[in-house]
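Asker: Quick note on numbering: the sequence shown equals residues 16 to 462 in the working numbering. What follows is a structure written as structure tokens; I'll ask about it next.
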Amino acid sequence: MESAKLWLRDNCNAERLQHVVKSTRVKRLLTVKAVPYVLLALAAVALLVKFVQDKRKRPRTWLSGRPPSPDPEKPTDVTTYAEKRMKATDRTPGTWTPSDFKRPAAAPYPEWSVTDTRPLPYRPFRHGPYHITMGLRSMQWDEWIELDNHYMRFHEDKKRRIKARGSKCCLTNPDPRVWDGAVELLEELSAYLSERYPSMFKKTEVGVDNVVTNESFDVKELTMNGVKEDPMQLCARLTQDDLAIMFEKEDGQYYLLAGAILLAGFWRLEDKYGMPLSEIHTSGDVPGYKQKLEKGMMNFMRRVKPDGAVIRNNYFMQVDDDLAWSSSIGSEDAEDGIGWFTAEKDRAIKHHYFRSERQSLRRLPRSGGVVFTIRTYFHPVTEIAEEPYVPGRLASAVRSWGEDVAKYKGRERYGDVLLEFLDRKHEEQVAGGLDVSHEEGVRTYPY
Ligand SMILES: *[C@@H]1O[C@H](CO)[C@@H](O)[C@H](O)[C@H]1NC(C)=O
């Protein structure tokens, strides 16, 4: 807007206009013949102003500075601009026209090291009352995938599980559109990771090498160290995240058609594979889904654009130390009967683990698939309770869960032990001088 105003000021101030009008050439132009040209010029100015306004409505890309803003004079960018303005309803459900959006190149993570960079301390819970929301925030492109010094542990866990049950945990529907989406994700990860974590990933002629684990990925041949694999499984080996891609079908619903779910703790890809989003949530008894989440989530899925990635965080408690599969809710191979009711009640606090997820969502520009990345952070409760403010706030959050949320999160099994412990820790912190009135200034969501 500012630039348009400046342009108008520089070119349309009264003095200048007077001066121009005085010149005889312009006088001749101001005849009836000139009207169409004047209208055309006005239309061009109006378009320019609208364009600048639109750009300002998207502060994410505008403020981050890196992604070059579209230049309205270049034909390719005019196409992109038109696409960006396209309403989701203009698209026939189940179809996608490849977008020419390119993810802005990622800056290297400052001083990242596979041995020294600690996991980000996500503590995504608030003092009550608890609200059921999607809780989406805009994502900076640099932060698409987060890696840290838990990488080797996650990587080993994934490797072991791929060997034991890869064909159940990593699945790609052979439909060409889905397959292409999985390959597109592999290409995106290879490019992004070598930009963001150059001490670990090196771009090669055929794909990417992980120089720490000595794995070489060929994106065209779909191989790792020469062995051909499911494309989602290859993606899984690169990140600490679990990955899933949803595709829109003719009914406008989004279906889980490609996934690599190896460390999810509480759910199995084979149970959800091929399901639409709403069924995934209702079959998982996600509290408040129908009433509070379904409509917003459907709208979001249909409208999310390649340039508009988002993130969200959530958290759970777990009463065993298995990152990959929380065995206290039952065997991973059980036909049915998994759930909190099987968990041992009142386990000692040393068995309580805080499990939080950082999820990102973006639409792949070529295939139109919507990618979820699900990164789990996993810590003993006794560890995070040493952090200032955390025990008090977590206790307040756990107490504020409604009945449905409490049931979903299994509170009845561990709540007494957990709250007794958190309250004691909080009291210790207050006795030690913790200034509870300053919490907001010290820790802000999601930390
Ligand atoms: C990778 O290869 C290097 C050099 O051959 C070796 O020192 C290192 O131990 C290997 N790393 C792993 C994880 O196998």
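Ideal Cβ positions, reconstructed from N, Cα and C, are used throughout, including at glycine. For clarity, every value in this text was computed on a predicted model and none was experimentally measured.
#1: State the start and end residues of the unbroken beta strand (DSSP E) segment that holds Y392.
#2: Any heavy atom of ligand 1 within a distance shorter than 7 Å of the CB on G228?
#3: Note down, in chain order, each residue of its chain lying with its Cβ closer than 6 Å to the Cβ of K37, except the 5 sequence neighbours on either side.
#4: Only counting runs of 4 or more residues, tell me where the alpha helix (DSSP H) segments fall wholly within the segment 257-313, in order along the chain.
#5: For F116, name the three-state secondary structure that DSSP assigns.
#6: Quick check on the burial criterion: 16 or more other C-beta atoms within 10 angstroms. Buried or exposed for Y460?
#7: Are the Cβ atoms of Y423 and D286 separated by less than 8 Å?
#8: Let me check understanding here. Comparing Cα to Cα, which of P213, S415, R426, D195 lies closest to I260?
#9: In angstroms, rounded to a whole number, what distance separates the CA positions of L201 and C250?
#10: Looking only at C-alpha atoms, which of P302, A363, L151 sits nearest to A324?
#11: In angstroms, rounded to a whole number, what distance separates the CA positions of D335 and E203?
#12: Give me the Cβ distance between A363 and H142, rounded to the nearest whole Å; I'm assuming they're in contact under 8 Å.
#13: Under the rule that 16 or more other beta-carbon atoms within 10 Å means buried, what is F262, buried or exposed?
#14: Using the three-state DSSP reduction, which class does P85 fall into: helix, strand or coil?
#15: Considering only C-alpha positions, which residue in the set T228, F232, P213, W340 is nearest to E220?
#16: Considering only C-alpha positions, which residue in the set F331, P403, V242 is nearest to S452?
#17: Would you tell me roughly how many angstroms separate the C-alpha atoms of Y147 and A446, rounded to the nearest one?
#18: Could you tell me the alpha carbon to alpha carbon distance between P119 and T228, rounded to whole angstroms?
#19: With burial defined as no fewer than 16 other Cβ atoms inside 10 Å of the residue's Cβ, what is the status of N328: buried or exposed?
#20: How long is the line joining the alpha carbons of G407 and Y270, rounded to whole angstroms?
#21: Could you tell me the alpha carbon to alpha carbon distance between E427 and R390, rounded to whole angstroms?
#22: Distance, Cα to Cα, M239 vs W111?
#23: Just reading off the alpha helix (DSSP H) that D233 is part of, what are its end residues?
#24: Is the beta carbon of Y471 sitting closer than 8 Å to the one on F281?
#25: Between the C-alpha atoms of L45 and A59, what's the straight-line distance to the nearest angstrom?
Answerer: If we stick to the structure as given:
#1: Segment 385-395, the beta strand (DSSP E) holding Y392.
#2: Before going further, note that residue 228 is Thr rather than Gly in the sequence given. Yes, the Cβ of T228 comes within 7 Å of a heavy atom of ligand 1.
#3: For K37, the predicted structure reports a pLDDT of 47, less than 50, and the residue's modelled location is therefore unreliable. The matter cannot be settled from this model.
#4: 284-287, 292-298
#5: coil
#6: exposed
#7: In this structure, Y423 keeps its C-beta atom at 8 Å or more from the C-beta atom of D286.
#8: D195
#9: 5 Å
#10: Selected option, being the one with the closest Cα: L151.
#11: Answer to the nearest angstrom: the Cα atoms are 35 Å apart.
#12: A363 to H142, Cβ: 27 Å. No contact.
#13: By the 10 Å Cβ count, F262 comes out buried.
#14: Its pLDDT being 35, under 50, P85 is placed unreliably by the model, and the measurement read from it follows with that caveat. P85: coil per DSSP, three-state reduction.
#15: F232
#16: P403
#17: Here residue 147 is Ile; the residue named in the question, Tyr, does not match the sequence. Rounded to the nearest angstrom, the gap between the Cα atoms of I147 and A446 is 33 Å.
#18: Those two C-alpha atoms are separated by around 27 Å.
#19: buried
#20: The C-alpha of Y270 is placed about 40 Å away from the C-alpha of G407.
#21: 26 Å
#22: Cα to Cα, the separation comes out at about 30 Å.
#23: Note, D233: premise wrong, no alpha helix (DSSP H); beta strand (DSSP E) at 230-233.
#24: Missing from the structure shown is residue 471; the chain here goes from 16 to 462 and no further.
#25: Unreliable placement is indicated for L45, whose pLDDT of 46 sits below 50; no coordinate value is reported for it.
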